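Inspection log for the structure reproduced underneath, given as structure tokens.
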Amino acid sequence: MVTPGFRYSDKAVLMFLMGAAALFLFPGNALAQSSYDFHFIAHADDRGETIERMCGATHLASNVAITARHCLWGIGEELTLACHAGTGVALDKVRVDRIVFHPSHDIALFRISGADACGAPQEPPTIEPASTDPYHIWTMAPPDLPIDVSDWIRSKITVAEVEVDGPVIRMQVGQDCPMRGDSGAALISIRGEKPSLHGLLIGGSPDCPGSSVFVRFAPVRDWIERHVATVAEEVDR
């Protein structure tokens, strides 16, 4: 569900209920599971009870990744990474050295010990800048993760249409919907062979078929790039 307290949450939910007309529509397809960097399993304290939380994440540097803010709220210092390797998943425990939360969006950056955690790419995807012409996006790719990690199961989704509205992207999906564990997974476009990041999954409709909500990176691109550089270079927590 959408994290309360962020400035766009109420509007996004209201737009779902009203069924407002989309501003921009273009076709979309889901990326294969192996196209994603990793998922992680975190243990958090929820009103005195320890809960297990699983989310997606994407490398922005060799030791820095981006995910949804609500995924990291209240967690401890250790994560279990679920590294995608073809159709399989390898689990690896790592230490979280630092977390930076965006003050008003459901976005967080975190640094993990080990420069090669989950095989960080030599050239991470770029963050797509804001554009006045959304039709330059050839292929939109929401989470498509038919894997089972620690009893968390996600299902494939089929994209029907995409709506860009200010700081959020709403995506209409088909008969299957993102499930618990997909938060933080990236929204990617592919032009040629180079991937670009447009946002990450932060919530969705309780009904299926329904809408999924992604926070856009373009409006906060400067914040992300500035903090990635700072977090990647810091040594002390």
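Residues -32 to -1, 1 to 205 (mature numbering (1 follows the signal peptide of the UniProt record, and there is no 0)) are what the sequence shown spells out, left to right. Glycine included, every Cβ here is placed at the ideal spot set by N, Cα and C. The structure displayed is predicted, hence computed values, not measured ones.
Please return the same chain residues whose Cβ sits closer than 7 Å to the Cβ of residue i, not counting the five positions on each side in sequence.
i, result
"Phe182", "Val136, Ile137, Met139, Leu155, Gly167, Leu168, Leu169 and Ile170"
"Arg184", "Pro135, Val136, Ile137, His166 and Gly167"
"Val199", "Val32, Arg66, Val68, Leu77 and Arg79"
"Ser81", "Val62, Arg63 and Asp65"
Taking DSSP as the reference, what is the three-state secondary structure of residue i?
i, result
"Ala29", "coil"
"Ile19", "strand"
"Ala186", "helix"
"Glu91", "coil"
"His11", "strand"
"Glu201", "helix"
"Glu193", "helix"
"His166", "strand"
"Arg63", "strand"
With a cut-off of 8 Å on the beta carbons, I'd call residue i and residue j a contact; round off their distance for me.
i, j, result
"Arg37", "His11", "Actually they are not in contact, since the Cβ atoms of Arg37 and His11 sit about 17 Å apart, beyond 8 Å."
"Ser164", "Glu96", "4 Å"
Could you give the distance in angstroms between the alpha-carbon of residue i and the alpha-carbon of residue j?
i, j, result
"Ala153", "Glu201", "24 Å"
"Leu77", "Thr94", "15 Å"
"Gly42", "Glu91", "31 Å"
"Phe(-9)", "Arg189", "In this predicted model, Phe(-9) has a pLDDT of only 31, less than 50, meaning its place in the structure is not dependable enough to derive any value."
"Glu46", "Arg63", "5 Å"
"Gly24", "Ile75", "12 Å"
"Arg21", "Leu40", "9 Å"
"Pro187", "Arg15", "33 Å"
With a threshold of 6 Å on Cβ separation, who are the neighbours of residue i within its own chain once the five nearest residues in sequence on each side are excluded?
i, result
"Ile34", "Thr26, Leu28 and Leu77"
"Gly44", "His11"
"Ile19", "Ala12"
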